[in-house]
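Taking my numbering, the leading residue of the sequence shown gets 23, the next gets one more, and so forth.
By construction, the Cβ of each residue, glycine as well, lies at the ideal position given by its N, Cα and C atoms.
Quick caveat, the model's predicted, so the values are computed rather than measured.
Comments concern the structure below.
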Amino acid sequence: MAADKPLAYSAPMAEAGQNGLIGVDGGATTCRFALQQGGERTVVETAGVNVTTNPGAAVETLREGFAQLATLAQIAPDALAEMPAFLGLAGLQTDDAARAIAAALPLKRAEYAEDRLPAVVGALGVRPGSVAAIGTGSFLARQTDEAVTFAGGWGLMLGDEASGAWIGREINRP
Numbered sequence: 023m024a025a026d027k028p029l030a031y032s033a034p035m036a037e038a039g040q041n042g043l044i045g046v047d048g049g050a051t052t053c054r055f056a057l058q059q060g061g062e063r064t065v066v067e068t069a070g071v072n073v074t075t076n077p078g079a080a081v082e083t084l085r086e087g088f089a090q091l092a093t094l095a096q097i098a099p100d101a102l103a104e105m106p107a108f109l110g111l112a113g114l115q116t117d118d119a120a121r122a123i124a125a126a127l128p129l130k131r132a133e134y135a136e137d138r139l140p141a142v143v144g145a146l147g148v149r150p151g152s153v154a155a156i157g158t159g160s161f162l163a164r165q166t167d168e169a170v171t172f173a174g175g176w177g178l179m180l181g182d183e184a185s186g187a188w189i190g191r192e193i194n195r196p
């Protein structure tokens, strides 16, 4: 991997050019869609998505978010389908799930990953380092020149100690 290219984003960003670039931060609490086109950035927020717990609702939320993004950016929805995109989605754990989501969306040039990876790349870029993400969910990550490794971040039902959801549940225990 070249030192000047971040992990997950290298291919779509290299192709962005004038057509635009789409990024989706598909967290379980909030899903954010961003379109960078020319010098303009358009952002839309929707309800969260979780590909494991409710894939049908995740697809509908993603479709609605793309429709809102096209409307706000004043472009045809079909134009989004031609742009390179990267989607980091909560609960995206298998290649089969990624293929199913990809088949359900109109994007022709998209890459998919579980949502922890874009958080690490967003925080560190290409630099080695560590991230402690403590929000609705929680995880620890370490990025080296070769790989990103994770601890935690599997959701409230499997642990996720230190997350906002876990803390809220613990506060309400008798």
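For residue i, the three-state DSSP class (helix, strand or coil)
i	result
residue 136	strand
residue 30	Confidence at residue 30 is low in this model, with a pLDDT of 38, below 50, so the placement of that residue should be treated as unreliable; the coordinate-derived value is given next. If DSSP states are grouped into helix, strand and coil, residue 30 belongs with coil.
residue 144	helix
residue 192	helix
residue 187	helix
residue 98	coil
residue 149	coil
residue 112	coil
residue 118	helix
residue 126	helix
Cβ separation of residue i and residue j, assumed to be a contact under 8 Å, to the nearest whole Å
i	j	result
residue 42	residue 58	6 Å
residue 91	residue 71	At roughly 15 Å, the Cβ-Cβ gap does not stay under 8 Å, so residue 91 and residue 71 are not in contact.
residue 170	residue 142	5 Å
residue 123	residue 46	11 Å between Cβ atoms; not a contact.
Residues that residue i bridges to, as DSSP identifies them
i	result
residue 44	57 and 107
residue 62	59
residue 174	161
residue 156	160
residue 5	Absent from the model: residue 5. The displayed extent of the chain is 23 to 196, so no value can be given.
residue 52	69
Selected residue, minimal CA-CA separation from residue i, among the options
i	options	result
residue 187	46, 45 and 50	50
residue 97	171, 170 and 62	62
residue 95	192, 80 and 64	64
residue 155	54, 129, 55 and 172	172
residue 161	137, 150 and 56	137
residue 125	195, 163, 193 and 103	103
residue 13	130, 129 and 190	No statement about residue 13 is possible, as the shown extent of the chain runs from 23 to 196 and does not include it.
Test: residue i CB closer than 8 Å to a CB of chain E
i	result
residue 156	Absent here is chain E; the protein component of the structure consists of one chain.
Kindly provide the ranges of any alpha helix (DSSP H) runs that are 4 or more residues long and lie completely inside the segment 67-92, ordered along the chain.
Runs of the alpha helix (DSSP H) inside the segment 67-92: none found.
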